[in-house]
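In what follows, a single structure is set out as C-alpha cells and then discussed.
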Amino acid sequence: MKAINCLRAVAAMLCVMLLAGCWDKIEIEDRLFVLSIGIDSAEEAEHQISEDKYTLSFVSPVVDQIKEGPGPAFRTYKTVNRSVIMSLSQLLERFSKKQFFGHTRNIFFGEDIMKDEKLLKEILDGISRYHEFHNSMYAYIVPGRAEEVFKVKPMYDKLLAPYIAGIIENSDYTSKVIKLTFSDMIIMLENQKGGLVIPKLVPEKEEVKINGAGVLKDYKLIGYLDDQEAAVYNWLTNKAKGGTIEVVYNDISTVFRHYTFIRKIEMPKMEGGKIYLNYNIEAEGSIEEYMMGKEILDNVLLNKISREVEKKIEDESEKLIKKFRQEFKVDLIGAKDYLSKYQPKLYKTIENDYEKFFTDNIVIKVTAKVNIRRVGLIK
Amino acid sequence: MIRNNDTISPYQLAIIIIMTVISVEAFSLAGDAASALGTDGWIAIVILGIINIFAVLFMIKLNSIFPGKTIAEYSQIIIGTIPGKILTSFFAVYLIIVIAYVTRAFTEVIKMFLLFRTPTEVIMLSLILVCTYIVRGGIECVARINELLFPILFIPFLIIILFGLPIMDFSNLRPVLQTPAGKVLTSIPRMIFSFGGIELALYYIGFMKEPKRAYKPLILSVLFLIFFFTMIIVFCIAAFGAKTITKIIWPLVSYIRLISLPGVFIDRLDGVILSLWVLTVFTTIVSTLFIASYSISKVAGTNENKQFVLPLVIIIYYLALQPVSIAELYEWGSIIFPYAVAAFIYAVPVVLLLIAKLRKLGVKQNESN
Amino acid sequence: MGFFSKKKSGNVKKEKEMGKLINSRNLDENTRRLKERLKDCDDIVYKEFRVGEKQNLRFLLVYIDGMSSRDLLNVSVLNSLMVHAREVPPEATEPGDELFKLVRYGGLPASELADKDNLEDAVLAILIGDAVLFIDSTEKCIIIGAKGWPMRGVSEPNTEALIRGPRDGFTETFRINTALVRRRIRDSRLKLKQLSVGKRSFTDVGIMYIEDIAEPELLEEVFRRINTIDIDAIIESGYIEQLIEDNYLSPFPQISVTERPDEVAASLYEGRVAILVDNSPFALIVPTTLNSLFQSPEDYYDRWYVASILRFIRYMASILSLVLPASYIAVTSFHPGILPAKLVISMAAARQGIPFPVLIEAFIMEVTFELLREAGLRLPVPIGSAIGIVGGIVIGTAAVDAGIVSPIMVIIVAITAISSFSIPNYSLSVGFRMLRFSLMFLAGILGLYGIMLGVLLIASHLVKLKSFGIPYMSPYVSFVGSDYKDTVVRVPIFLMGKRPAQIARNRIRLKNNRNLINRLEQEGSDDKE
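Protein chains in written order, with the numbering used here: chain W, 11 to 389; chain U, 925 to 1293; chain Z, -5 to 523.
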C-alpha cells in the first residue's frame, strides 16, 4: 500500500505541475529561426545611444513562402546595441515571434570587428557562452560590412544560409575554399594565442564568393590571402582533400585534379639554433585536361607532368611560407602545432618567444610527391 | 522460485557500481583531467583506477570476513556498537550530501541545455520523487532497475559518441607521457571524486549470497569505469585540444553538440544525450538513496528502511537548494568530496580490516555467537 | 466424466457435512424432493418408467432438456433397460440394492457412470448436464455422463491468426480444450487438476502443467490463489485472471491469454502453468513476462532470422507507439534544435495557422483515432471498414484542410496507430495506449526530460512488477545468458538447449544436433571420394 501511496504522491505532484506548468513551451510556429548572423561594429549614424557598439544583421526564412513559387523566401533585419546578447534580446521587443538560434548555420564578421581586439573578444565570449548557438556553424570574414551579405538575393536557392553553407561544404571538392567552424575558430584562437585564418566571403548582387581568407594575429586582422594562397594554406595545414592544380607544360596548360592530398611534417635536423622542418606532401589524382590531338597516356610524359605539378606545389607553398614568416610574422601553417605535439621538449625551450623564433630560426622545406593515376576517358 | 527478496547477483553488483559511479560528473571530467595534466589527463584516471582496484579488493576482503553483512552491520561488531553507528551515520550524511550535489548539478545542466524557464524546484523534485518510487521497492528492485537501464544507456551512448570520430584529431593527444611523475601523483587527489560511488560496494557486497564471488564483477566494473572515463577524456581532448577544453564547463556536452548526423531525423544530439543522461543520474541517486536510507535504518535499529526515504527527500531537496550559484556548488564539491571519498574508499575499509584482523573477528566467532 | 463427478462430489460433501440429505428409498419421495428442489425449472425432464414382468421395478430418469444427449439416453438407458430387460428377464427382480447393482454394473451400456446417495450431488449432476437415474427402494442413484449440448466446432482462432502454424483453436467446451492440449503432450507427466469455482456457477477450472518441469512453488501459488476465489459465478476466464493477478493497478497484463492450444503446449513445455476455464475459449498462462508477451507462436515455426526481425519490429513498434506522439510534442514545442533545419522549417510551415498547441492537437487526433478504433470494433465487419474510410480518410483530410491539425500530426498519429497494432498482445497494446497519453502530458510540461522521467517511472514499475513470483522484466533483469536466446533475437532452435532458468526446472530441452548433421554430410562426401 505504501508503494501505491507513493505513486499517488507522484501523480498528484504531476497534476500540480500540469496545472502550473509548461514553462518552456514555445510552439514551433511561434519561433523565428535565425539562420545566419552578421556582426559589424556600429557606425556613428546608427547609434541610438553613444554606447552602442555592434550592428547585428539576421536572416530568417519566411516559412509560408518556402514551398510557393520561385524567389527568395527570407527576410533580413538588424539591431544596434551595446553587446551581442543584448542585441538578441532586443529582438524580442520588436518581433512577435521568439528568435531561435539553434539552427544558425553561418556567422559573418565584418572587417572592422576583426580589426578591434576588444570588440572581437567580447563577441566570441558572448557567442560561445550562449547555449542556443551550436558550435558547428561556419564563420567568415566579410571585407567591408557584414550586413552587405544579407542584401544578396541568391539565384537558385530560396534561402540564403543553406546556400552559403553549401558553398563551404564544397571544400571537399575544391581546395580553394577554407572550411572553418565556430568551434574550430575558438580552438585555433586559443591555441595560436589570437592567430586565425578565416575564410573571406565577398557578397555580390546575386551570389557570394568565398574568395581567399583573412589572417588574424593577436585577435587583429593583419591581412588577406588570395584564393590561390587559400588553397596553399589548405595544403600546408593538411586540410585539402579534392581540388585542381593547373600547370603549363610545353605551352599546354594541363589540369591536375587531386582526390587525396596528404601533408606530413618531419624534423630532420636542428643545427646552429635553427630548426629544419620538412613538409612532405603527397597528392594523388588524375589529369583532367590536356590538348586535343595529343596523347598523354605515356609514362614518361606523365612523370614529367608530375614533376611539373610537384614543382608548382613546392613553389607556391614556399611563397606562402615566406609570406607568413616575413609579412605576417605568425605561424599558422602547422609548424608550431607539430613542434608542440611531436617535439615537446624542444618546444618548451622556445615556447616563450615563439613568434620571433619562427621568423628567424625555422627553415621549412616543402617536398611534394604527385602520383597521376588516371588520365580520363581518352588517350 | 518465489525468490528471496534480499540478495543481488554478482552481475547486478558490477552494474550497480558502474551506474553509481558514472553520473553527472562525467560531463565535466575531461575538463578537470585536462586542467590537471593537459594532454596526459587520462593517465590520472588510469592510475586512479588501478588504485581503486586495490581499494575494491580490500573492501571484498573486509566483507568476506562477515558474509551477508553490510558495513553498517559489521562496523558495529568491529569497533563497537556506538562507534559503528557513528561511522554509519557519517556515511549516511555523506551520501545525502552526494545525492543533493548530484541532483543540483544535474538540474543546472538540464536548465542550461533543455529547460530554461522551468523552476529548479520542479526539475529536482520530480527527479527525486521518481527515484523514491523505486527505492521503496527494496534492494531487489534497485538492482533490477540498474540492470535494465545499463544497456539502454550505454548502447546508444557508445554509438552516438562514435559518430564524433570524424571531428576528432587524435594528434591533439600529443605529447604523450611528457608530464613529470610528481605532477601526475599530485594531480590524482583532484580526480578522486570521479570514482566516488565505489564505496557503496561496502554495502552492496553484503547483499550478495557469497562475498567471494564479488571479486570478478567488482574488478571488471572498475576496469569498465577506467575504460569509459578514459574514452570520454580521450575523445574530448581529441575533439577540442587540451587547452580549449579547460575553458569549457561541460566538455562532454560540448563534444556531443559538435556531432551531427547528416541526413538523419536527428541533427543535433545534445538533447538526446542529456535525456539519456537522466538515466545515469537516476541510477546514481537510486543506489545512493537506498543505501542512505538503509544506513539510517541500521543506526535507528529498524529492519525496514522504507519509512526513511520520504523524509530524506525533504532533506535532500533542502540541501540541494542551498548553493546560490553553480560556482558555489562546484566550490562545495571541491571542498567536501576529495576528502570524504578518500576517507570512505581507502581509509575506512583498510582501518576496519586492520582492526578486524587484530581482534581476530570473523566468520567463526560470528557463528559461535 | 466419472472422475470429474467424483471430484466434485468430494467438494460438495465437505460443504454439506451438516445438512446432508440422503436420498429416500421411496422413489415418489425422491421425485417430490427433486421437484421441490428444482421448482419452476421447466426444462427438466422427469422420465418415469417401469421395467420387469410385473412392471414392478420403477425407474426415474431426470435430466435437463438440451444439456444431455437424448441419443445417448435413448440407447444406453431407455433402450437397454426397457427393451433388453424385457427380453432377458432379470433373475433378481426384487426392487432394492440387488437391482441397483445389476443395473449399475450390468444394465447400462454407458461409459460414464457413478453412484451417489445424496440429493445435492444428484441435483448438481443434473445441472451440469448429466442424467440421473433413480431406482425405487434404494437410496442410491446412478449418474450417467450424458453431457451433450450444442457446441461450436474447433475452428481457427480469430484473434491470433498466424500465417504458419496449426489452425485449431480453443472452443467454449472445457473437455475439447483439454483434449486439444493433451494431443500435443503425450506424456504421463502432463497433469490436469480440475477445480470447480463459483458458488453458483460451479465452473470447471483446469490447471495444466508438466510435473517435472513446472516449479512446485509456482503450482502451489496457483492453487493457493485460485482457492482463495469466493465468487458466485465465473462467466469467462477473464474473471479468474482479474481475481488472481498480482497487481491490479498495473497497466500491463500479468497473465497472458491465448486461444491457441499450440501456444499453451509450448508454454507448458517451458514450465509455465495453464489455466483452462469452461465456457471460455481463452486459456490463461502464468507466469507471464513482458518478453513472452512479445512472442508469437509463429516465431518458432519460422526460420530464426525471420523470427528475429519480426521480434525486433515488434519491440520497435511498441516503443514507437509509446513515445512517438510524446517525442513529437517535446521536439516541436521544446527542443526544435534537435531536428535538422530543413525539417523544422517545413514543420513550422505546416503548423502555420493551426489554432491549437501541439499538445492539444495531438490529443484531439489521438482521441479521434481511439474513437474510430472502438467504433470499428463494435460494428459488423462490412460496416467497420466503412468507418475506417470515413474516419481515416474523410476526417483526416477534412481536418487538415480545415486547418485544425497539421498534416505531420496526422502522419504521427497514423504511425502510432499502426505501431500499436503490431504488438501481438491485445491487452499489452491497450496498456501502452494508456501510457502514451500520460507521456504526452509529461512531454507537454517538461519536454524530453518529462518523457525520460515518464519512461523511468514505467521502467521502475515494470521492474517492481512480478507475475507469480517471476520478475516481469526477466530475463532482462536477471542475468542468465541462455535466457537471452529468446528475447529480441531468437537464436536458431538447435541453440535453444535450455528452458528459461527463472521458470523451469529440469532445464535441458534439446541437444545440439548441428554437428551430427555436419558430420554425416562430411562422411557422405568422404564416401563419394
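For every residue, glycine included, the Cβ atom is placed at its ideal position computed from N, Cα and C.
Computed from a predicted structure; not experimentally measured.
For residue i, the first and last residue of its enclosing beta strand (DSSP E)
i, result
"I50(W)", "For clarity, residue 50(W) is Asp in the given sequence; the question names Ile instead. From DSSP, the beta strand (DSSP E) with D50(W) extends over S46 to S51."
"K161(W)", "Here K161(W) belongs to no beta strand (DSSP E), and DSSP marks it neither H nor E."
"R383(W)", "I372 to R384"
"V45(Z)", "I38 to V45"
"R41(W)", "R41 to F43"
"M202(Z)", "T197 to I204"
Assigned secondary structure, residue i (DSSP; H/G/I helix, E/B strand, else coil)
i, result
"T1103(U)", "coil"
"D167(W)", "coil"
"P231(W)", "Reading the sequence as shown, one finds Leu at residue 231(W) and not Pro. Looking at L231(W) - three-state DSSP - the assignment turns out to be strand."
"F1261(U)", "helix"
"P465(Z)", "strand"
"D391(W)", "Examination of residue 391(W) is not possible in this model, given that chain W is present from 11 through 389 alone."
"S74(Z)", "helix"
"D162(Z)", "coil"
"T222(Z)", "coil"
"R484(Z)", "strand"
"P213(W)", "strand"
"L504(Z)", "coil"
Nearest-angstrom Cβ-Cβ length linking residue i and residue j, presumed shorter than 8 Å
i, j, result
"M446(Z)", "V1202(U)", "4 Å"
"N152(Z)", "L270(Z)", "Contact flag wrong, Cβ pair sits at about 19 Å."
"I969(U)", "I1150(U)", "6 Å"
"I374(W)", "I331(W)", "5 Å"
"V56(Z)", "V126(Z)", "5 Å"
"I942(U)", "F1119(U)", "I942(U) to F1119(U), Cβ: 11 Å. No contact."
"S62(Z)", "D124(Z)", "7 Å"
Run of the alpha helix (DSSP H) containing residue i, from where it starts to where it stops
i, result
"W1275(U)", "One detail in the question is off: residue 1275(U) reads as Val in this sequence, not Trp. Segment V1272 to L1282, the alpha helix (DSSP H) holding V1275(U)."
"Q238(W)", "D237 to L246"
"Q1000(U)", "I995 to I1002"
"T65(W)", "Element bounds for T65(W): not the alpha helix (DSSP H) but the beta strand (DSSP E), Y64 to P71."
"P278(W)", "No alpha helix (DSSP H) contains P278(W), which is instead part of the beta strand (DSSP E) from I262 to E281."
"N24(Z)", "L21 to R31"
"A1224(U)", "D1194 to A1224"
"M310(Z)", "W298 to S327"
Residue from the options with nearest C-alpha to residue i
i, options, result
"S952(U)", "A1224(U), F1074(U), P991(U) and L1176(U)", "L1176(U)"
"D194(W)", "I285(W), S146(W) and F160(W)", "S146(W)"
"V404(Z)", "A356(Z), K460(Z) and E150(Z)", "A356(Z)"
"F217(Z)", "Q346(Z), I229(Z), I234(Z) and F363(Z)", "I234(Z)"
"V199(Z)", "L174(Z), R169(Z) and F350(Z)", "R169(Z)"
"W1256(U)", "A1267(U), A1244(U) and S988(U)", "A1244(U)"
"A957(U)", "F1268(U), V1205(U) and L1109(U)", "L1109(U)"
"L340(Z)", "K314(W), A22(W), F43(W) and Y348(W)", "With the sequence shown as reference, residue 340(Z) is identified as Ser, and Leu is not the correct amino acid for it. Measuring from the Cα of S340(Z), the nearest candidate turns out to be F43(W)."
"D370(W)", "G283(W), E361(W), K355(W) and E294(W)", "G283(W)"
"S1178(U)", "D228(W), L330(W), P71(W) and H144(W)", "H144(W)"
"F53(Z)", "Y40(Z), I120(Z), F128(Z) and V69(Z)", "F128(Z)"
"A52(W)", "K358(W), L66(W) and E256(W)", "L66(W)"
"D162(Z)", "V258(Z), L113(Z), I204(Z) and S250(Z)", "V258(Z)"
"I398(Z)", "G441(Z), I348(Z) and I377(Z)", "I348(Z)"
"A1264(U)", "L1053(U), I1020(U), I942(U) and G1165(U)", "I1020(U)"
"N313(W)", "M165(W), A175(W), S296(W) and Y269(W)", "S296(W)"
Residue i: CB within 7 Å of a non-hydrogen atom of the ligand SAM
i, result
"S274(Z)", "The ligand SAM is absent from the structure shown, which contains no ligand whatsoever."
For the stretch 91 to 132 of chain W, list the alpha helix (DSSP H) runs that are entirely contained and at least 4 residues long, ordered along the chain. As far as the stretch 91 to 132 of chain W is concerned, its whole alpha helix (DSSP H) runs of at least 4 residues are 94 to 102 and 121 to 124.
Restricting to runs no shorter than 4 residues, where is the alpha helix (DSSP H) found entirely within the stretch 98 to 158 of chain Z? Note on the stretch 98 to 158 of chain Z: whole alpha helix (DSSP H) runs with a minimum of 4 residues are 113 to 121, in chain order.
4-residue-minimum alpha helix (DSSP H) runs that sit fully inside the stretch 926 to 991 of chain U, ordered along the chain: If we require 4 residues or more, the alpha helix (DSSP H) runs fully inside the stretch 926 to 991 of chain U come out as 934 to 945, 949 to 961 and 965 to 989.
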